[in-house]
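A.B. asks:
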Amino acid sequence: MTSDRLTSAPLTLGSPQSLYERIGAEGLHALLEHFYARVARDPLLAPLFPGSRDSSLWATTLEKQEAFLTGFLGGPPLYHQRYGHPRLRARHLPFPITPAHAGAWLACMRAALNETPQIDAASADELHQALSRVAVHMVNQPG
Ligand code: HEM
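Quick note on numbering: full-length UniProt numbering labels position 2 of the sequence shown as 2, and the sequence is numbered without any gaps.
What follows is the structure in structure tokens.
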């Protein structure tokens, strides 16, 4: 074994890459561009978002989600640094979210993942599963 392998092997074994490292900042940004373009066209979801009343606000929504997901996936805690504790369920309470909204949100995410070649299929599945678990907790209306 060369000294290169001796020094690099423990690092590779000991620190599996986070989802954030696998997806990358550019992959995450591309994903969210695709995602909010779909949300903005979705008849059920769009009316909930401030961007449907002032289209310049889609950029703010995207920026907050990008900051949140960066930390959620194992990258720097940008949302915490910029906005404090996410309190995601509380921050979603002003919006009536039914199981149908959660389903539509996840369908937009699935389609956006499929449109983002920078994200490999295994990472896409892992991300979608993680988001599915969170989306259930955002439901605050029976529907
Ligand atoms: C279940 C369906 C969901 C719906 C219908 C929904 C809807 C919304 C709406 C309408 C906003 C306000 C946007 C704004 O003020 O610019 C928002 C904000 C946000 N959402 Fe969701 N959301 C859902 C699920 C999720 C999930 C699963 C996550 C995280 C994984 C998430 C993360 C966020 C974040 C970080 C914000 C910004 C909070 C803030 O600082 O105001 N949302 N969402």
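Yeah, the Cβ is synthetic: ideal placement off N, Cα and C, and Gly gets one too.
Given the structure, does Arg-91 come close to the ligand HEM, in the sense that its CB is under 6 angstroms from one of the ligand's heavy atoms?
C.D. replies: The answer is yes for Arg-91.
A.B. asks: Run through DSSP, which three-state label would Gly-75 get?
C.D. replies: coil
A.B. asks: Any contact of the region 32-39 with the region 89-96, i.e. 3+ C-beta pairs under 8 angstroms?
C.D. replies: no
A.B. asks: Taking just the CA atoms, how far does Ala-135 sit from Pro-47?
C.D. replies: Separation of Pro-47 and Ala-135 (C-alpha to C-alpha, rounded to the nearest whole angstrom) is 18 angstroms.
A.B. asks: For Ser-123, which residues of its own chain have a beta-carbon under 7 angstroms away from its beta-carbon, when the five flanking residues on both sides are left out?
C.D. replies: Leu-19, Arg-22 and Ile-23
A.B. asks: Mapping the DSSP letters down to three states, classify Ser-55 as helix, strand or coil.
C.D. replies: Reduced to three states, the DSSP call for Ser-55 is helix.
A.B. asks: Any heavy atom of the ligand HEM inside 6 angstroms of the beta-carbon of Val-39?
C.D. replies: no
A.B. asks: Quick one: is the Cβ of Phe-35 within less than 6 angstroms of any heavy atom of the ligand HEM?
C.D. replies: no
A.B. asks: Distance check for Leu-127 and Ala-121, CA to CA, integer angstroms please.
C.D. replies: 10 angstroms
A.B. asks: Does the distance from the CB of Arg-38 to the CB of Cys-108 come in under 7 angstroms?
C.D. replies: yes
A.B. asks: So, helix, strand or coil for Glu-63, using DSSP?
C.D. replies: helix
A.B. asks: Between Glu-115 and the rest of its own chain, which residues show a CB-CB distance below 6 angstroms, the 5 nearest in sequence each way excluded?
C.D. replies: His-34
A.B. asks: Keeping to the same chain, check which residues put their C-beta closer than 6 angstroms to that of Phe-72; ignore five residues upstream and five downstream.
C.D. replies: none
A.B. asks: Quick check: what's the CA-CA separation for Leu-88 versus Met-138?
C.D. replies: Cα-Cα distance, rounded: 8 angstroms.
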